[in-house]
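Counting in UniProt numbering, the sequence shown runs from 1 upward without gaps.
Step one of this worksheet: look at the structure below.
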Amino acid sequence: MATSGNDDSQILLPGFNLPYNYLNNDYFASALDMFTKFSLPLTTLREFTMMRLMNQLTDKPDWNIKSDEAPFQVFDDDIANKWKNEALAVEDVDITQGMVDWCIEELRYKVNAFEKTGIVTAYNDGDVIKSDVAVSSSLRLALIDAVKPRRCSRI
């Protein structure tokens with residue numbers, strides 16, 4: 001949190017005494033090159049909530065499967081409305097009808113690319129993806145075997 005030079009009690013944050021699009025020149029160092037620095041846009045709690053919802057929806061077994069009613073289940077209005085009602089019924093999640101509508105529309109946009117590539121862009125224009133095919137089966141099994149000794153058993 002930055003403060004002004006004249007009055008240390010004045011809080012300076014984007015959208016609070018600074019322009020919303022204010023960028024600090026103090027960037028993070030890149031793990032790949034210590035001389036390269038970068039800045040990522042702010043991600044709001046609402047955006048994280050929407051990403052969580054889209055993650056849950058794309059975990060559904062047939063979200064991308066074609067149905068008799070629509071090219072993909074996500075386009076079937078009855079199924080989409082059921083998913084919307086499920087999302088809005090969760091009491092401890094602060095989500096609005098508009099946010100849920102946006103998530104369904106975004107998944108409708110992304111389903112065609114998913115059908116071609118097996119990948120759903122999850123965050124930051126492709127920096128984070130969700131896929132069951134991005135990692136080969138042999139590597140996946142090797143990773144599972146590698147973490148087995150480190151797993152805690154539940155009592």
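The C-beta atom is built at its ideal place from N, Cα and C for all residues, glycine as well.
Owing to the predicted nature of the structure, the values given are computational and were not obtained by experimental measurement.
Assigned with DSSP and collapsed to three states, A89 falls in helix. Here DSSP, grouped into helix, strand and coil, assigns L143 to helix. The beta carbon of V93 is closer than 7 Å to those of T49 in its chain, skipping five residues each way along the sequence.
Cβ contact annotation for A87 (same chain, cutoff 7 Å, sequence separation greater than five): L53, I95, V100, in chain order. Beta-bridge pairing by DSSP links V128 to Y123. Residues Y20, N21, Y22, L42 of the same chain have their beta carbon placed closer than 8 Å to that of P14, with the five preceding and five following residues left out of the count. By the 16-neighbour rule on beta-carbons within 10 angstroms, F16 is exposed. Per the Cβ contact rule, the stretch 65-85 is in contact with the stretch 98-118 (3 or more Cβ pairs under 8 Å).
Linking E106 to A142 through their CA atoms gives a straight-line distance of about 34 Å. Our two residues, L139 and A89, have alpha carbons roughly 38 Å apart in a direct line. For I95, no beta strand (DSSP E) run applies, since DSSP gives it neither H nor E. Separation of L18 and L12 (C-alpha to C-alpha, rounded to the nearest whole angstrom) is 6 Å.
By the C-beta density criterion, V147 is exposed, having fewer than 16 other C-beta atoms within 10 angstroms. For P61, the closest of D145, D132, I144, L45 by C-alpha to C-alpha distance is D132.
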